[in-house]
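Data first, discussion second: the structure below is written as structure tokens.
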Amino acid sequence: MTHLTRIADLAGRWFALLVLAGAAAGLLLPDRAALAAPYVSPLLGVIMFGMGLTLRPSDFAVVARHPRAVLLGVLAQYTIMPLLGWAVAHLFALPPALVVGMVLVGSAPGGTASNVIVYLARGDVALSVAMTSVSTLLAPLATPLLVLALAGSTLPVPAGDLFVSIVQVVLVPVLAGLLLRLAAARLVERILPLLPLVSVGGIVVVVAAIVGANAGAVLTAGPLLALAVVVHNGLGLALGNLAGRVGRLPDSARRAVTIEVGMQNSGLAAALATAHFNPLAALPGALFSVWHNMSGSLLAGWWARRAPEEPEQA
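If you want our numbering, it's the 1-based position in the sequence shown plus 137.
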């Protein structure tokens, strides 16, 4: 168990590079990587089950203690990123399938790695966990409605099917993980250190599978799409920080909101795109998975060297 724990710890530390390696494997060995494409949704379900195992009832108490901060963060999550995804896709004149993919990424809940990034950035981890949890629980309704509103005129959007898929691969696994932790706390505590290995491995396989299945498109549309993804993520981080400042949140909470808004559950976006749209629509999610972990790690490293400012006293 000790060796596995060490491997899991290393996987968590080198998450961004491992995801990048997964993308490279998809390009270099597209046929083999694409064999994993049918397992994208089940893999995401396993990852979300792991997220549920990390949750405790006390995590939701933050919503009651700091409702304004949580509400501000979740509203920013579900307004800034969807609108940016739509705007950036049209700014870069992306084809319809990629427009839908960008909107899917923007309409997804908070990223599963955001809590770790907030911790490294010396941000408010409790607020980050609460925001991720609330945005994830809202996803079955919020994500399909946003995609329908923003991309429905671009391609047909099966909102009902999206709702069912999100319930199956997000809501049910998260609640199952939470209930298992309540029922068998000691067992779950023993396996918690191994969860980063499962999550990282799952995301790496998802990225490799999607890139492999669309290797030709990556090589042709890749540079332009990659730039669009970088702009989407960068503006999301900047506007998330601005939202925290406008809301007069303390520095540690602003850091949490910034990262939560800028980092998306792009694995979910890719899985939904694979299941319900043109396979090309999954590419933005795959590239976002690579980039937001790199940008998040860089931002966390910069903030880690700067202690959060004390809140101003009234």
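Backbone N, C-alpha and C define an ideal beta-carbon position, used for all residues, glycine too.
In its chain, beyond the 5 residues on either side, 196 and 199 have a beta carbon closer than 8 angstroms to the beta carbon of residue 263. Sorting 209, 352, 334 and 385 by C-alpha distance to the C-alpha of residue 174 places 352 at the top. If the five residues before and after residue 203 are omitted, its C-beta is found closer than 7 angstroms to the C-beta atoms of 264, all from its own chain and listed in chain order.
Counting along the chain, no alpha helix (DSSP H) covers residue 446, and no H or E run does either. Around the Cβ of residue 397, a 10 Å sphere holds 16 or more other Cβ atoms; the residue is buried. About 6 angstroms separates the Cβ atoms of residue 189 and residue 312, confirming a contact at the 8 angstroms cut-off. In this structure, DSSP gives residue 399 a helical state, which the three-state scheme calls helix.
Counting only runs of 4 or more residues that sit fully inside the region 189 to 216, the alpha helix (DSSP H) segments are 194 to 202, in chain order. Under the DSSP definition of a beta bridge, residue 248 lacks any partner. Contact between the region 339 to 353 and the region 419 to 432 is present: three or more C-beta pairs spanning the two stretches fall below 8 angstroms.
Selection 144, 154 and 161 evaluated against residue 355 yields 161 as nearest (Cα-Cα). For residue 408 against residue 164, the beta-carbon gap comes to about 20 angstroms, at or over 8 angstroms, which does not count as contact. Here the alpha carbon of residue 437 sits roughly 23 angstroms from the alpha carbon of residue 405.
The region 377 to 387 and the region 422 to 431 do not touch, with fewer than three beta-carbon pairs separated by less than 8 angstroms.
The region 304 to 324 makes no contact with the region 336 to 347, as fewer than three CB pairs between them are under 8 angstroms. Taking the C-beta atoms as reference points, residue 287 is found nearer than 9 angstroms to residue 220. By the C-beta criterion, the region 389 to 403 is judged to be in contact with the region 239 to 247, since at least 3 inter-stretch pairs fall below 8 angstroms.
When DSSP states are grouped into helix, strand and coil, residue 294 belongs to the coil group. Between the alpha carbons of residue 159 and residue 222 lies a distance of about 24 angstroms. In this structure, residue 368 keeps its C-beta atom at 9 angstroms or more from the C-beta atom of residue 213.
A distance of 9 angstroms or more separates the beta carbons of residue 225 and residue 284.
In this structure, the alpha-carbon of residue 413 lies about 19 angstroms from that of residue 345. In the structure shown, residue 167 falls within a helical segment according to DSSP collapsed to helix, strand and coil. In this structure, the CA atom of residue 257 is about 23 angstroms from the CA atom of residue 366. Residue 415 carries a coil assignment under DSSP once its states are collapsed to helix, strand and coil. In the three-state scheme derived from DSSP, where H, G and I count as helix and E and B as strand, residue 360 is classed as helix. With respect to the C-alpha of residue 296, the residue from 234, 171, 241 and 443 having the closest C-alpha is 241.
Between the C-alpha atoms of residue 439 and residue 191 there is a straight-line separation of about 27 angstroms.
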